[in-house]
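Single-structure report; data block below.
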Amino acid sequence: MVLTMDEKVYQTIKQLKMNLEINPSDYNIAYEIGYLSHLQNDFTQALLYYKKALDYKEQLYQAHNNIGSIYQIQGYTNKAIESFKSAVLLNNKYSFAYVNLANCYIKIHHSNDAIDCLNKAIKIDPMLITAYSNLASIYHETGEYKKAITNYDKALEINYDPVIKLKKILAQPIIFDSNNQIEEQRELLKNNLYELLNIKNDIKLDDAYNEIGLTNFYLAYQKDCNHHLHKLIAKIYLKFSPSLEFESPHINSNTDGNKKIRLGIISNYFNNHTISKLNLGVFQSFNKKNFEIYLICNEGDEDYMKINFYGKADHIIKFPYDLEVAREKISSEKLDVLLYLDIGMSAFTYFLAFSRLARIQCVTWGHPDTTGIPNIDYYISNKYAETLDSYKHYSEKLILLNNFLMYFKPPKLPEIYLSREQLKLPKNANIYACPQMLFKIHPDFDVVLKEILTMDKSGVIVFFNGNNPYWAYKLKERFNKSLDDLASRIIFQNKYSEEEFLSFLKQSDVMLDTLYFGGGYTSLLALSCGLPIVTMPSSFLRGKITEALLKQLCLEDCIVNNIYDFAELAYKIANDKKFKSTIMNQINNNFHVLTEDNNSTYELELVLQRLMKCQISNGVSHYSIS
429 MVLTMDEKVY QTIKQLKMNL EINPSDYNIA YEIGYLSHLQ NDFTQALLYY
479 KKALDYKEQL YQAHNNIGSI YQIQGYTNKA IESFKSAVLL NNKYSFAYVN
529 LANCYIKIHH SNDAIDCLNK AIKIDPMLIT AYSNLASIYH ETGEYKKAIT
579 NYDKALEINY DPVIKLKKIL AQPIIFDSNN QIEEQRELLK NNLYELLNIK
629 NDIKLDDAYN EIGLTNFYLA YQKDCNHHLH KLIAKIYLKF SPSLEFESPH
679 INSNTDGNKK IRLGIISNYF NNHTISKLNL GVFQSFNKKN FEIYLICNEG
729 DEDYMKINFY GKADHIIKFP YDLEVAREKI SSEKLDVLLY LDIGMSAFTY
779 FLAFSRLARI QCVTWGHPDT TGIPNIDYYI SNKYAETLDS YKHYSEKLIL
829 LNNFLMYFKP PKLPEIYLSR EQLKLPKNAN IYACPQMLFK IHPDFDVVLK
879 EILTMDKSGV IVFFNGNNPY WAYKLKERFN KSLDDLASRI IFQNKYSEEE
929 FLSFLKQSDV MLDTLYFGGG YTSLLALSCG LPIVTMPSSF LRGKITEALL
979 KQLCLEDCIV NNIYDFAELA YKIANDKKFK STIMNQINNN FHVLTEDNNS
1029 TYELELVLQR LMKCQISNGV SHYSIS
């Protein structure tokens, strides 16, 4: 009988365990069991035996590193950091541990610490390609595009790797200098993708998540339709990594039309995050007579929000950051429907979405852009946020609900709001609030800002610095060119607490919705404080969310069609107190229609039931539904 590789490893582990019983203090044997178990993705057993090895030899730095790797896969970032720190403390020449430690720092947005670790790894081993590639990824995320490209080039000089070439191609500036730069970058991206798609070399991605680890997140902030680019990128991934197109065995089996619909709801953001805040109530509203709810989330650290989600589901499926293991775990539940609350924010769920893990797979507006992924069947949107030709913008079939799929519970407003002085805001100025991430500030928005500041001599515009200081630096640099002296009346605030932020909204005169990718949760918070918002909707969902919210409040007067009307309306609201008061009254009188509303859940239930009936009547083909 010929043993498979898995069977050979199992037999080897079995023999090593017997040897360890004879020599329980032999740390080498314990380490080897841990290592082989690690390779088999048996993380529980691997941790057990790595720790047994350390019981007899604490200085075993490889064991500390490997324990850190498991914690990292499981999502226990802080534990992973401690293990990697132990590894480099025991061996400060251990370059791979520095690389691993850097990856953890990236996860918790400690960019400077990550850069320091990678530079140490490069000093130890100047030919370590991974260190240069990861350094490039960090610089890309912080917005230092030129440094990112330089480090990708250094890695490619050491050894031409098509995977690194792909990462370099996908890297885009985050804060753009001009429209011309955006157009040039998009054209370059498109041409490079076609070149890569037609390449003759046999490029193989064994693990797309670990080897690439990127999404196309920032494309959504570039004004134009991304349908074609997302589909191109997906084609490339499927060409280089066919294993991504995993299909659960149950997909081709018969389904029972009388049983409950097994609905999986998946996200990497079941924590104190906007995704959770807008979807917790959706869970609790599902009719449990017709649906069996599976919460699918990453293992790792938990907060109060994640624990609240656990209580709303019938089953909890926790996956490690390992595509193969996650696919098998989800597949074993034989789901009818898998709903992604977002695709494009997390690299892991992006690559997971290439698999067919349920008969019907859909995504909703947590990241409001198409995915380009063939195995995502439907995009669930809102009729107010789409146009007659919106279907052209999606690789998925479009489903329009009468309401946004969300459940918004308004925050508890402070009994006493903080003053402008306490918030470090100018006392007598008209405050134009723009509390959005800085990568939403498109170059076209500069024209709006210039018009407002030109009209309103007592006006200031307030932005927030965000996680990456370089974003603010790049934006200030652009404002100094596009706004000249007017840029001196733009304020960049550091992050506020929740109480401070709500007070800031209350103390502001008007909120400016960013062009092309507007507010979602931020707009809801502003409206909950009675703050008027001016918006100019674009052609795509991501630029029409605030418009849809305002239409539901019957506030069409706050919706404009061009940037000059935008500036004039914002100025009027800030300076005409009677006009502003009228709008605020309208907000306060109608705001209840946006809050704690279960209608979107009921709509979704009906849609999913209808789709499942189509599945049953048409056999198991998931492509037959019109």
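Each residue of the sequence shown is one higher than the one before, counting from 429 in the numbering used here.
Cβ atoms here follow ideal geometry from the backbone N, Cα and C, with glycine treated the same way.
What you are looking at is a predicted structure, and each value in this text was computed from that prediction instead of being measured.
Minimum C-alpha distance to residue i - residue among the options
i       : options                        : result
GLN557  : THR578, SER539, HIS538         : The question names Gln, yet the displayed sequence has Ile at residue 557. The option with the nearest alpha carbon to ILE557 is THR578.
ASP635  : ASN682, PRO601, VAL591         : VAL591
CYS653  : ARG614, GLN712, GLN1037        : ARG614
LYS840  : PRO748, GLU611, GLU927         : GLU927
LYS868  : ILE457, ASP605, HIS538         : ASP605
VAL988  : SER966, ASN493, ASN896         : SER966
TYR477  : ALA491, GLN500, VAL516         : ALA491
ILE597  : ASN608, GLN609, TYR622         : TYR622
TYR504  : SER823, PHE747, ILE679         : PHE747
TYR637  : ASP750, ILE566, LYS734         : ASP750
GLY894  : PRO796, GLN921, ILE457, ASP912 : GLN921
LYS740  : GLY692, ASN1016, LEU467        : GLY692
SER823  : ILE661, SER671, LYS762, GLN980 : ILE661
ASN520  : ASP553, LEU617, GLN502         : ASP553
ASP941  : LYS1008, THR882, PRO863        : PRO863
PHE891  : THR882, ALA481, LEU866         : LEU866
THR1023 : LYS485, SER931, LEU833, TYR533 : LEU833
GLY471  : GLU984, ILE457, MET446, GLN500 : Before going further, note that residue 471 is Phe rather than Gly in the sequence given. With distances taken between Cα atoms, PHE471 lies closest to GLN500.
Residue i classed as buried or exposed, judged by whether at least 16 other C-beta atoms fall within 10 angstroms
i       : result
LEU431  : Because the pLDDT of LEU431 is 39, which lies under 50, any placement of that residue in the model is unreliable, and the number read from its coordinates should be weighed accordingly. Exposed, because fewer than 16 other Cβ atoms sit within 10 Å of the Cβ of LEU431.
GLY1047 : Bear in mind that a pLDDT of 40 at GLY1047, under 50, signals an unreliable position, so the number given afterwards is only what the model happens to contain. That one is exposed.
LYS885  : exposed
GLN1080 : Because the chain here runs from 429 to 1054, residue 1080 falls outside it and cannot be looked at.
SER1052 : Since pLDDT at SER1052 reaches only 30, below the 50 mark, its modelled position is unreliable, and the value read off the structure follows with that caveat. So SER1052 ends up on the exposed side.
VAL1021 : exposed
SER744  : At residue 744 the sequence reads Ile, which differs from the Ser that was named. ILE744 is exposed by the Cβ-count criterion.
ARG1038 : exposed
GLU435  : exposed
HIS870  : buried
MET1040 : buried
CYS982  : exposed
GLN439  : exposed
TYR738  : exposed
LYS551  : exposed
THR777  : buried
GLN609  : exposed
MET676  : Checking the displayed sequence, the identity of residue 676 turns out to be Ser instead of Met. That one is buried.
HIS537  : exposed
Contact under 7 Å by Cβ, residue i with residue j
i       : j       : result
ILE498  : LEU518  : no
VAL527  : ALA508  : no
LYS811  : ASN830  : yes
TYR768  : VAL791  : yes
ILE804  : ILE827  : no
ILE603  : LYS878  : no
ILE758  : PHE719  : no
ILE1011 : PRO960  : yes
THR799  : ILE771  : yes
VAL710  : TYR835  : yes
SER936  : ILE1015 : no
HIS568  : ALA599  : yes
PHE714  : ILE721  : yes
ARG906  : VAL888  : no
THR570  : ASN896  : yes
ALA515  : TYR489  : yes
ASN680  : SER774  : no
ALA813  : LEU978  : no
SER783  : PHE668  : no
Beta bridge counterpart(s) of residue i as assigned by DSSP
i       : result
VAL1057 : Only positions 429 to 1054 of the chain appear in this structure, which leaves residue 1057 out of reach.
LYS825  : TYR806
CYS725  : LYS746
ILE689  : PHE719
VAL890  : ALA861, ILE919
VAL962  : LEU940
ILE987  : THR963
PHE836  : THR1023
Check: residue i C-beta below 6 Å from any heavy atom of the ligand COA
i       : result
PHE1019 : Ligands in the displayed structure: none, and consequently the ligand COA is not present.
3-residue-minimum beta strand (DSSP E) runs that sit fully inside the stretch 750-823, ordered along the chain: 763-768, 786-792, 806-810
Whole runs of the beta strand (DSSP E) within the stretch 649-711, excluding any shorter than 3 residues: 689-694
Ranges of the alpha helix (DSSP H) found wholly within the stretch 597-636, counting only runs of at least 4: 607-625
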